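Asker: Quick one: the structure is below, and I'll ask about it shortly.
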Amino acid sequence: MVGIVFAFFITIAFTLTIVWEIKKSIEYDEKVKKIQAKSKNLVVDDNRDFSIYETMVGDDAREMVLIPEGVFTRGSDSGGYDEKPEKEIYLDAYFIDKHEVSVKDYDVFRRAANYVKPSVPFFQGDQSVLDTPEFPVVGVSWLDATNFCKWAGKRLPNEAEWEKAARGTHGLVYPWGNKFLQKRANIAGEADGHKYMSPIGSFPMGRSVYGIFDMAGNASEWVADFYDQFYYKESPIMNPTGPEKKKNYVFRGGSWDARKVDVRTTKRFAANSGRKDSIVGFRCARDKDKAKS
16 MVGIVFAFFI TIAFTLTIVW EIKKSIEYDE KVKKIQAKSK NLVVDDNRDF
66 SIYETMVGDD AREMVLIPEG VFTRGSDSGG YDEKPEKEIY LDAYFIDKHE
116 VSVKDYDVFR RAANYVKPSV PFFQGDQSVL DTPEFPVVGV SWLDATNFCK
166 WAGKRLPNEA EWEKAARGTH GLVYPWGNKF LQKRANIAGE ADGHKYMSPI
216 GSFPMGRSVY GIFDMAGNAS EWVADFYDQF YYKESPIMNP TGPEKKKNYV
266 FRGGSWDARK VDVRTTKRFA ANSGRKDSIV GFRCARDKDK AKS
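Put into structure tokens, the structure is as follows:
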């Protein structure tokens with residue numbers, strides 16, 4: 016009888032031990048899940064030092080960053096046919112706008128020059144969104160962008176300049192690195208927190224190596240060059256400025272409506288000079304030797 020009672024208590028103790036261990040295991044798993052959930056929401060501070068790059072303020076009171084002279088890798092052998100071949104290109108130093116031109120910036124120009132308002136023939140949302148002052152201006156043609164830059168004492172960047180500012184000297188696939196990462200750019204969908212455009216500068220972790228914002232997503236950007244699908248094969252390796260006159264112009268960078276494959280730093284798009292829609296904006300550039308000290 017004593018043995019039976021003893022065995023009973025041993026069984027009970029063993030069962031309680033198992034229950035206790037299971038409870039601890041469940042609590043541990045829940046703790047790990049909470050830590051993982053928090054870690055997914057953490058934004059790692061950007062510890063890159065962009066102060067090493069010279070800056071200036073243009074005639075339009077907007078900050079510009081100096082892209083140093085030297086060689087960079089242009090194009091991609093693994094991208095579209097018009098991105099080939101991957102090649103080392105030399106560029107003189109130049110300044111480029113740190114941010115895309117905003118609606119607010121463009122309105123200053125419009126009032127000063129009595130210029131026409133941007134227009135978008137078709138937009139899937141409320142068109143009033145396009146008038147948000149902090150958003151990149153869209154609904155501007157290549158000619159509109161060129162006129163703004165001239166008014167500001169600047170010019171549109173050429174295609175090679177735009178690409179170097181976006182990917183640095185080592186040919187990065189995206190401005191921040193070679194892998195697409197969330198919360199680095201405003202692209203199609205709402206996973207980045209924005210259905211349409213986002214205020215310029217909303218993605219500091221997505222800056223290029225020079226500290227240039229929004230070179231992937233948000234608004235695509237007009238550049239100075241005509242589009243030629245074979246130009247990368249034929250262009251000079253010293254300060255290429257684009258092909259002779261063609262039908263269309265280039266825009267780069269992808270937009271808020273683009274897939275991640277279309278916001279790669281080597282992706283090229285083309286459109287006629289009069290195109291206006293909700294995905295294309297611009298930023299300006301300036302020759303270093305023409306910049307005011």
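Heads up: the sequence shown at position 205 corresponds to 220 in the working numbering, and the numbers run straight through without jumps.
Ideal Cβ placement from N, Cα and C applies to all residues, glycine included.
Predicted model only: the values in this text are computed from it and were never measured.
Between the Cα of K262 and the Cα atoms of Y242, E176, P251 and V135, which residue gives the shortest distance?
Answerer: It is Y242 whose Cα lies nearest to the Cα of K262.
Asker: Can you check the segment 228 to 297 for any alpha helix (DSSP H) of at least 4 residues that lies completely inside it and give the ranges in chain order?
Answerer: Qualifying alpha helix (DSSP H) stretches, in chain order: 246 to 249.
Asker: Hey, out of P255, Y189 and P251, whose CA is closest to Y225's CA?
Answerer: Of the candidates P255, Y189 and P251, the one whose C-alpha sits nearest the C-alpha of Y225 is Y189.
Asker: Sorted by chain position, which residues of the same chain lie with C-beta nearer than 7 Å to K132's C-beta, five sequence neighbours on each side aside?
Answerer: Same-chain partners within the cutoff: R125.
Asker: Less than 6 Å between C-beta atoms, sequence neighbours within five positions excluded: which residues of the same chain meet that for T256?
Answerer: The answer, listed in chain order, is N173.
Asker: To the nearest angstrom, how far is it from the Cα of D240 to the Cα of G204?
Answerer: Roughly 30 Å separates the two Cα atoms.
Asker: Below 8 Å on the Cβ atoms is my contact criterion, and I expect R199 with T280 to pass it. Report the Cβ-Cβ distance as a whole number of Å.
Answerer: Incorrect: roughly 12 Å between the Cβ atoms, too far for contact.
Asker: Please report how far the alpha carbon of T147 lies from the alpha carbon of V118, in whole angstroms.
Answerer: Cα-Cα distance, rounded: 7 Å.
Asker: I need the boundaries of the alpha helix (DSSP H) containing Y121, first residue and last residue.
Answerer: First-last of the alpha helix (DSSP H) with Y121: V118 to A128.
Asker: Measuring only the C-alpha atoms, how far is V295 from P251?
Answerer: Taking the straight line from one Cα to the other gives about 28 Å.
Asker: Buried or exposed for V155, please, with buried defined as at least 16 other CB atoms from any protein chain shown within 10 angstroms of its CB.
Answerer: Classification for V155: buried.
Asker: What did DSSP end up calling F150 once you bin it into helix, strand or coil?
Answerer: In this structure, F150 counts as coil in the three-state DSSP scheme.
Asker: Of the choices K303, S293, Y246 and S223, whose alpha-carbon is the least far from that of N62?
Answerer: Of K303, S293, Y246 and S223, the residue nearest in Cα terms is S223.
Asker: Among the residues of its own chain, which have a CB less than 6 Å from the CB of S217, if the five just before and after it don't count?
Answerer: There are no such residues.
Asker: Sorted by chain position, which residues of the same chain lie with C-beta nearer than 6 Å to D97's C-beta, five sequence neighbours on each side aside?
Answerer: So the list reads Q244 and R283, once near-sequence residues are dropped.
Asker: Less than 7 Å between the C-beta atoms of M71 and D112, yes or no?
Answerer: Not a contact, by the Cβ cut-off of 7 Å.
Asker: Based on DSSP bridge pairs, tell me the residues matched to E178.
Answerer: BP columns for E178 are empty, so no partner.
Asker: Hey, could you find the ends of the beta strand (DSSP E) K102 is sitting in?
Answerer: From DSSP, the beta strand (DSSP E) with K102 extends over K102 to L106.
Asker: Using the beta-carbon count (16 or more within 10 Å), is A175 buried or exposed?
Answerer: By the 10 Å Cβ count, A175 comes out buried.
Asker: At which residues does the alpha helix (DSSP H) containing A160 begin and terminate?
Answerer: Note, A160: alpha helix (DSSP H), W157 to W166.
Asker: Which residue comes first and which comes last in the beta strand (DSSP E) that contains L81?
Answerer: First-last of the beta strand (DSSP E) with L81: E78 to I82.
Asker: When you compare only the Cα positions, how much space is there between A234 and F297?
Answerer: Distance between the alpha carbons of A234 and F297 is about 8 Å.
Asker: Determine the DSSP secondary structure at R301, reduced to helix, strand or coil.
Answerer: Looking at R301 - three-state DSSP - the assignment turns out to be strand.
Asker: Please report the distance separating the alpha-carbon of I104 from that of S143.
Answerer: Their backbone Cα atoms lie some 42 Å apart in a straight line.
Asker: Would you mind stating whether F195 and K305 have Cβ atoms separated by less than 7 Å?
Answerer: Not a contact, by the Cβ cut-off of 7 Å.
Asker: Between G289 and L158, which are expected to be in contact by the criterion C-beta below 8 Å, what is the C-beta distance as a whole number of angstroms?
Answerer: Right, the Cβ-Cβ distance comes to about 7 Å (below 8 Å), so this counts as a contact.
Asker: Helix, strand or coil for V188 per DSSP?
Answerer: Reduced to three states, the DSSP call for V188 is coil.
Asker: For Q139, tell me which candidate among K248, D272, A286 and G94 has the shortest Cα-Cα distance.
Answerer: Minimum Cα distance to Q139 is reached at D272.
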